[in-house]
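Structural data, given as structure tokens:
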């Protein structure tokens, strides 16, 4: 068996997320698996580094899959790009050792969330940002972000209430930077729960808008109750930037 | 009469260009005029600083129009944005003196053209760039760009062969900058002919690809023959950045 690792870029706007579903053919994983099935004549299972929700984008999602036969990586990449829609691209592909598994051995993930602070929503950024023209208190948001760093049980920031596995995660860094009219939040951690980045962002935005204080963060974490966290920030502002192994 | 000046942002992808046409309702000017007609009950003519072709974008197109009645500028702007599709936005609107005319008194225009030099076309830039993965000789392109500067008869760089008005224009600056995988060409001039920026870009790209030399530029200009210039670069890479008064 040959193990192939690929790096994928996609605009999530048109898709029902990463994960293949029985009820829709409109997922990133589904599109990729369908092409590999056509190519090989057998079902091929693609392992993503993690699921991205409907509408979420990726600049460098990582996935791997096994094929019986050996293929030239660049030919495999060209074949996939030929049949993929133009909003999904394989930007790198290589054969890797058998032990490589895109999800199980991932060490860190980096996500960004973009908030468009223009007076009128920017036409060119509308698909990749969440438009809020109210002024945000960045200092208070940074204080709140600092309260989130480290290893915690983030159950309050997980939309899956029946999550059976551990909800303990480590956040290494949350940076909040103004780039022109865009406020960019960058999250780096060892993994993120279902909806976690969007719930963290929704909570930080409520801090920025003065609806919560930075000092309220530890009690939200401690409560382990989803209803104590902020609202879910919209999917289109979120981009999976990098997976580190 | 009240004269209103507005600054517009649009993604040209879905439109048949700026200028209203009898055969299609799908133009930027048409969309704007239809809304103002609905609002006022009479036909309103919008004057753009210039036409942009089908598929060309604008970060700050300028246009003006006259209304019998006085309106609060912010209300007018909100009304337009409420009924405009989300890929066209009015980002500024103000009342200006009667003598202001967006086209007749424009002094300079700045256009950019983006070339995506990624190995695989970037998903997030695909609507706003032209993908060429071949290596380009930037030094030779810069030499060629220098030959284009100044006041010349640019008839060779105009797709309208029956142009009756003057084809003399002045180009003040052409800069060629690498920004990550994007090669950005910036054109600043006192005005541009039909297809001129795209023909200049097509010609510069042929220089970059080694199909022409920088020293061939003066003879193309002198010939005043469209067929001596390069191919027309695709619309989607072009953005009207600024109009200076």
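Protein chains in written order, with our numbering: chain A, 66 to 310; chain B, 66 to 310. Ideal placement from N, C-alpha and C gives every residue a C-beta, glycine not left out. None of the values given here were measured: they were computed from a predicted structure.
Per DSSP, what are the beta-bridge partners of residue i in this structure?
| i | result |
| --- | --- |
| residue 187/B | The partner list for residue 187/B (beta bridge, DSSP) is empty, contrary to what the question assumes. |
| residue 243/A | 248/A |
| residue 174/A | 254/A, 308/A |
| residue 154/A | 74/A |
| residue 69/B | 130/B, 160/B |
| residue 217/B | 234/B |
| residue 123/A | 75/A, 305/A |
| residue 195/B | 180/B |
| residue 112/A | 129/A |
Chain B partners of residue i, CB-CB under 8 Å?
| i | result |
| --- | --- |
| residue 287/A | Going along chain B, no residue has its Cβ under 8 Å from residue 287/A, so there is no contact; the nearest lies around 38 Å. |
| residue 151/A | 186, 188, 191 |
Residues of chain A with CB under 9 Å from residue i, in chain order?
| i | result |
| --- | --- |
| residue 86/B | In chain order: nothing, as chain A lies at least about 22 Å away. |
| residue 121/B | Neighbours of residue 121/B on chain A: none; closest Cβ ~13 Å, over 9 Å. |
| residue 155/B | 185 |
Looking at chain A, is there any beta carbon in it that lies within less than 8 Å of the beta carbon of residue i?
| i | result |
| --- | --- |
| residue 147/B | no |
| residue 178/B | no |
| residue 300/B | no |
| residue 199/B | no |
| residue 193/B | yes |
Any beta carbon of chain B sitting closer than 8 Å to that of residue i?
| i | result |
| --- | --- |
| residue 221/A | no |
Using a threshold of 7 Å, is the CB atom of residue i nearer than that to any non-hydrogen atom of the ligand SAM?
| i | result |
| --- | --- |
| residue 230/B | This structure simply doesn't include the ligand SAM, nor any ligand for that matter. |
Three Cβ pairs or more, each shorter than 8 Å: is that satisfied between the segment 212 to 220 of chain B and the segment 181 to 198 of chain B? no
When you compare the segment 293 to 301 of chain A with the segment 225 to 238 of chain A, are there three or more beta-carbon pairs, one atom per stretch, that lie closer than 8 Å? no
Looking at chain B, which residues of the segment 66 to 78 of chain A have a Cβ within less than 7 Å of any of its Cβ atoms? With the criterion set as a beta carbon lying under 7 Å from some beta carbon of chain B, the members of the segment 66 to 78 of chain A are 74, 75, 76, in sequence order.
Please determine if the segment 79 to 92 of chain B and the segment 285 to 293 of chain A are in contact, where contact requires at least 3 C-beta pairs separated by less than 8 Å. no
Quick one: any contact between the segment 117 to 137 of chain A and the segment 167 to 177 of chain B, if contact means 3 or more CB pairs under 8 Å? no
Check whether the segment 233 to 240 of chain B touches the segment 145 to 159 of chain B, taking contact to mean three or more Cβ pairs, one atom from each stretch, closer than 8 Å. no
Quick check: the segment 239 to 257 of chain A against the segment 173 to 184 of chain A, are at least 3 beta-carbon pairs closer than 8 Å? yes
Three or more beta-carbon pairs under 8 Å between the segment 274 to 283 of chain A and the segment 196 to 205 of chain A, yes or no? yes
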